[in-house]
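Chains as they are written, first to last, in numbering that gives the first Met the number 0: chain A, 0 to 623; chain B, 0 to 403.
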Amino acid sequence: MDLLLQQLLTGVASASGLFLVASGLTIIFGVTRIVNFAHGSLYMLGAYLAVSLIDLFGGGHLGFWGGVILAMLAVGLIGALFEITVLRRIYQAPELFQLLATFGLVLVVQDVTLLIWGPQDLLGPRAPGLTGATQIFGLRVPVYDLFLIAFAPLVLLVLWLLFNRTRWGILIRAATQDQQMVTALGVNQKWLFTGVFFLGAALAGLGGAIQLPKGDANLHMDLQLIAAVFVVVVVGGMGSILGAYLAALLISLIRVLLITNAQLTFGGIAAWQMELVSMFLVMALVLIARPWGLLGRREVASDQRSGTPEPRLRPADATLRIAGGLLLVVLLGLPWIVGSYFLSVATEALIFVLFAASLQFLMGVGGIISFGHAAYFGLGAYGVGLAVRHWGMSMEVALLAAPLLAGVGALVFGWFCVRLSGVYLAMLTLAFAQIAWSIAFQWIDLTGGDNGIIGIWPPDWASSVTNFYYLAGAICVIGLLCLRHLAFSPFGYTLRAGRDSPLRADALGIDVRQHRWFAFVLAGVFAGIAGGLFAYLKGSVSPETLSISLSIDALVMVLLGGVQTLTGPIFGGALYSVLKNELISLTNYWRSILGLIIVLLVVLFPQGLAGAAESLRGRLGTSR
Amino acid sequence: MTRISWCNAAAVAAAILVSSGAALAQAEEPIRLGEFNSYTGFAAFTLPYRDGWTLALEEINEAGGVLGRPLEVISRDDGASPAAAIAVANELVTREGVDILFGTLLSNVGVAVSDFARQRKVLFLAAEPLTDTLAWSHGNDYTFRLRPGTYVQAAMLAEEAAKIEDAVRWVTIAPNYEYGQAAVAAFKELLKEKRPDVEFVGEQWPGQGQIDAGAAVQALEAANPDAIFNVTFSSDLARFVREGEVRGLFEGRTVASLLSGEPEWIDPLGAEAPEGWIVTGYPWYAIDTPEHDSFLKKYQERFDDYPRLGSLVGYIALHSIALAMEEAGTTEVEAVIESLRGLTVESPIGPVTYREIDQQSDMGAFVGRLTVQEGMPRMVDWRFAPGSEYLPDDERVRELQGSD
Chain A
0 MDLLLQQLLT
10 GVASASGLFL
20 VASGLTIIFG
30 VTRIVNFAHG
40 SLYMLGAYLA
50 VSLIDLFGGG
60 HLGFWGGVIL
70 AMLAVGLIGA
80 LFEITVLRRI
90 YQAPELFQLL
100 ATFGLVLVVQ
110 DVTLLIWGPQ
120 DLLGPRAPGL
130 TGATQIFGLR
140 VPVYDLFLIA
150 FAPLVLLVLW
160 LLFNRTRWGI
170 LIRAATQDQQ
180 MVTALGVNQK
190 WLFTGVFFLG
200 AALAGLGGAI
210 QLPKGDANLH
220 MDLQLIAAVF
230 VVVVVGGMGS
240 ILGAYLAALL
250 ISLIRVLLIT
260 NAQLTFGGIA
270 AWQMELVSMF
280 LVMALVLIAR
290 PWGLLGRREV
300 ASDQRSGTPE
310 PRLRPADATL
320 RIAGGLLLVV
330 LLGLPWIVGS
340 YFLSVATEAL
350 IFVLFAASLQ
360 FLMGVGGIIS
370 FGHAAYFGLG
380 AYGVGLAVRH
390 WGMSMEVALL
400 AAPLLAGVGA
410 LVFGWFCVRL
420 SGVYLAMLTL
430 AFAQIAWSIA
440 FQWIDLTGGD
450 NGIIGIWPPD
460 WASSVTNFYY
470 LAGAICVIGL
480 LCLRHLAFSP
490 FGYTLRAGRD
500 SPLRADALGI
510 DVRQHRWFAF
520 VLAGVFAGIA
530 GGLFAYLKGS
540 VSPETLSISL
550 SIDALVMVLL
560 GGVQTLTGPI
570 FGGALYSVLK
580 NELISLTNYW
590 RSILGLIIVL
600 LVVLFPQGLA
610 GAAESLRGRL
620 GTSR
Chain B
0 MTRISWCNAA
10 AVAAAILVSS
20 GAALAQAEEP
30 IRLGEFNSYT
40 GFAAFTLPYR
50 DGWTLALEEI
60 NEAGGVLGRP
70 LEVISRDDGA
80 SPAAAIAVAN
90 ELVTREGVDI
100 LFGTLLSNVG
110 VAVSDFARQR
120 KVLFLAAEPL
130 TDTLAWSHGN
140 DYTFRLRPGT
150 YVQAAMLAEE
160 AAKIEDAVRW
170 VTIAPNYEYG
180 QAAVAAFKEL
190 LKEKRPDVEF
200 VGEQWPGQGQ
210 IDAGAAVQAL
220 EAANPDAIFN
230 VTFSSDLARF
240 VREGEVRGLF
250 EGRTVASLLS
260 GEPEWIDPLG
270 AEAPEGWIVT
280 GYPWYAIDTP
290 EHDSFLKKYQ
300 ERFDDYPRLG
310 SLVGYIALHS
320 IALAMEEAGT
330 TEVEAVIESL
340 RGLTVESPIG
350 PVTYREIDQQ
360 SDMGAFVGRL
370 TVQEGMPRMV
380 DWRFAPGSEY
390 LPDDERVREL
400 QGSD
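Structure below.
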């Protein structure tokens, strides 16, 4: 009983920290619909700034709390500044495009933090007066835990008052429900959004500063936290602050339970093996039972979508066919044009183009956002890895295992996912990707764990750079053409009908859900093919092929190219992959340069590169 | 040459000028080596490492280079991921034309690159990865490893732990991946060998960088152990120490902790470093040998900073390769590999030999107890534990090499 109480207190204390950060994210999303990947970076900045400020003020009550509050405000200002300079320019861009800008910010902040504060972890200063432990029923409980337990509900209360008892809060809630109406009523929506960004960012900064007495400021805390915070927000229901608190409690308490009973096994799986993946399991279960999270409001199924309406997909006209033909000729002749190093870069780029194209098929044609598309890329890679390692298969056969395993994975995961919509669906795909990742990471006998499977090299006939380039290139080009063909097949048209107008499509007797499910499987199969080739390119498979960061890379490639054009992934995939490869060998500041380039492209080409190219073509066409 | 970082370029240029039998040296084509590590991903450990090999590079070139030619190191970030590292390795080998590589920190990166080295027949000296699969189950003729691996360091701690009579009930806490698992397995096996009466009554496996320290400390406490074996590091270690201190987990208990005497991991804790822990590490402030004094002095003068273990590793790694080429009399890969097998290099912490059987160096480590002096963590009562005394014997190595 005593132990149970202690566990409860520990769980609630860690939930409090999680909630503070998550509340900011849920507010930002609820109002602006921006999926803010940089929220973890703001949290990290909060921690670093607080360490420096507290150090500057020399500790003491005033120094500590003054430092925390100033750090919070400073991070709020950074968030607001980012909103004003970058995001404000791209609110009219297609859905999710803003995510790209926030991803760019993540990369820049990582380098800037390293530059300013140096590589070493900075131990967090302790909160004066809250350092020791106190006895509760004969158990030692850290005083700071008790403080956190009380502090989070206090923040919850303040936010509730802010949103329900102030004019600003009422306007915000109105904007959340109907942005156009609020604008029509003469409210300056711009500053409303800036204010929201300030508040959300400040809460992230506060979260980073307030956790210092329990830990430190380090360069990994941004990405280590961001997934957990997204999970909390989605489980709670996006936009619901109370929901975020409940979700944080649920997730933290389950985690504590698993840690306390680490050695308990269910069906051969120990509790400690569940710890890493537990929050994603919780999220999957919650979303399957409640598709809008615990307290989220059911989004009205409407034909309205945020952002500008996308242009209609058209079959290739003569210009595009000629351009495609030329590109093909260049690809065929590439081994005579460039050296063998660039040829291997090109091979990698082609593989990523196919990967991005499979995601674009899902997002652009199917209208299904995926945050976990690496799952199918990784399953493809592991299909190859397992076939080689356990059955000693040759490359010709093993490459078939890639789409097979990825397809089966997509069949199972997709069945659940297509029951949801929007960001909830996207987060469920992420949950499944993380489940797949955790199996690959922990089922060591099968997958080799984090060290992965090595020794996956092509046979002699395909092992030269040129031959492998032709092999992988041929498969990727055929895959791209297949995806293009599918988009203009009756299946593709039906899929787009379901995307643009689920209600009307339904009324026409189309089973929208089933079409989406098939699209999911198809996208998985093509991602799997790319993953299989990737395994042979790298000679090894490791859990990183299933990781969140690769899923994000795929999103970045698609958004960079332009979601609504089938040529987009070719631009986006090739550009991102070549750029990253080149920058990494050019400079140790590759992250910030890549981030700045992304932000710049986002501001210059809010329709994506292919979108920009097409509108340029359109303009040239009319002027002629 | 265009892609080398300015710092290195300047260093090489300076070295060329200094070593001048000038005209001759300048005419000589430099020997190029490829180097890569997680400089952006894990800067705390890798930047001191870079300073280490930079110092070695300057020394070598000031002394006239290798085989009469200046040495040039082309350094890259490895992206802290196997796939990115393979791309970088490929770039170094294909575009830059190097056939000797060294570096890497993460185990999965090291393993992937070692297989790349085997496939492309280039020499790879894995400087920092701790995984023993590099030397044993996944070992190959093209891969050497410098740093003492997980098994050796766990063996050093097991030896010390066995001496503590009243530590019978043990619990373990280690990050949930190969490094943590291998360390706990080795520690358990070796301690049980020496002390059959010891029992292990609980274990915790937090995700690397994801520890819920409060809950983990509670769970360990609930098992009511006499002693704790810790493998967590970095910010997990800071959190674990803080929660453990507040909740009294360490009071009256023995703690053995892997790597926690290495400045890169323990110095961030400052005055809060736990006292009395048995650790492996690097007490750079107290090693009193002429070789180390000279290294320390040069390092501090050059970088205005004190060396970390990574600095030592980087320094020895580059000297090893230079010596192997010098001894081979050529830069041809197979000959350098042949020369590196069984080669002994003089280092600031004594001679280091690359064993022929598994191409693992017998670099040792320092074992001692943690304390705090003048606000900084320090190791006391330490001794140098030579790697050769803890590495498995040939028969066992062959067994391990056969397994997968």
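Think of the CB as a built atom: it goes at the ideal place given N, C-alpha and C, for glycine as much as any other residue. Every value quoted in this text rests on a predicted model; they were computed, and no experiment measured them.
Beta carbon of residue i nearer than 8 Å to that of residue j
| i | j | result |
| --- | --- | --- |
| L565 of chain A | L312 of chain A | yes |
| L129 of chain B | S106 of chain B | yes |
| A173 of chain B | T132 of chain B | no |
| G561 of chain A | G607 of chain A | yes |
| F360 of chain A | L521 of chain A | yes |
| N175 of chain B | P205 of chain B | yes |
| V92 of chain B | I583 of chain A | no |
| I253 of chain A | F415 of chain A | no |
| L99 of chain A | I597 of chain A | yes |
For residue i, three-class secondary structure by DSSP
| i | result |
| --- | --- |
| P290 of chain A | coil |
| I209 of chain A | helix |
| N229 of chain B | strand |
| A36 of chain A | Reading the sequence as shown, one finds Phe at residue 36 of chain A and not Ala. In this structure, F36 of chain A counts as coil in the three-state DSSP scheme. |
| T45 of chain B | helix |
| N36 of chain B | strand |
| Y178 of chain B | helix |
| D177 of chain A | coil |
| D505 of chain A | helix |
| P542 of chain A | helix |
Cβ shell of residue i (< 7 Å), same chain only, five flanking positions each side left out
| i | result |
| --- | --- |
| E613 of chain A | T564 |
| A345 of chain A | L333 and Y468 |
| G109 of chain B | T103, A125, P128, T130 and L133 |
| I528 of chain A | L353, G379, A401, P402, I474 and G478 |
| R304 of chain A | Because the pLDDT of R304 of chain A is 49, which lies under 50, any placement of that residue in the model is unreliable, and the question is left without a value. |
| L545 of chain A | A373, A374, G377, A432, A435, W436 and A439 |
| S576 of chain A | E347, A348 and F351 |
Straight-line gap, residue i to residue j (C-alpha atoms, nearest Å)
| i | j | result |
| --- | --- | --- |
| L124 of chain B | T193 of chain A | 52 Å |
| A496 of chain A | F412 of chain A | 23 Å |
| V233 of chain A | G207 of chain A | 20 Å |
| L153 of chain A | S15 of chain A | 10 Å |
| A24 of chain B | F351 of chain A | Reliability of the predicted coordinates at A24 of chain B is poor, the pLDDT of 44 falling under 50, and the value obtained from them is presented with this limitation in mind. One C-alpha to the other measures close to 45 Å. |
| T9 of chain A | Y42 of chain A | 22 Å |
| Q299 of chain B | Y284 of chain B | 12 Å |
| Q188 of chain A | A79 of chain A | 14 Å |
| A226 of chain B | G201 of chain B | 11 Å |
| A430 of chain A | V407 of chain A | 17 Å |
| A283 of chain A | L427 of chain A | 6 Å |
| V396 of chain B | L100 of chain B | 25 Å |
| M1 of chain A | W190 of chain A | Residue identity check: residue 1 of chain A is Asp in the sequence provided, not Met. Computed Cα separation, rounded: 51 Å. |
| R483 of chain A | V108 of chain A | 38 Å |
Integer Cβ distance of residue i from residue j, believed to fall under 8 Å
| i | j | result |
| --- | --- | --- |
| P267 of chain B | L121 of chain A | 7 Å |
| P147 of chain B | G363 of chain B | 6 Å |
| L48 of chain A | G123 of chain A | With a Cβ gap of about 12 Å, L48 of chain A and G123 of chain A do not count as contacting. |
| L339 of chain B | S310 of chain B | 22 Å between Cβ atoms; not a contact. |
| V422 of chain A | I368 of chain A | 7 Å |
| P542 of chain A | A439 of chain A | 5 Å |
| P282 of chain B | G260 of chain B | 7 Å |
Cβ shell of residue i (< 6 Å), same chain only, five flanking positions each side left out
| i | result |
| --- | --- |
| P458 of chain A | M394 |
| L69 of chain A | L52 |
The ligand FAD heavy atom lying under 7 Å from the CB of residue i
| i | result |
| --- | --- |
| P290 of chain A | Among the components of this structure there are no ligands whatsoever, and the ligand FAD is therefore not found. |
Own chain partners of residue i with C-beta closer than 8 Å, once the 5 adjacent residues on each side are dropped
| i | result |
| --- | --- |
| L3 of chain A | none |
| A218 of chain B | G201 and Q203 |
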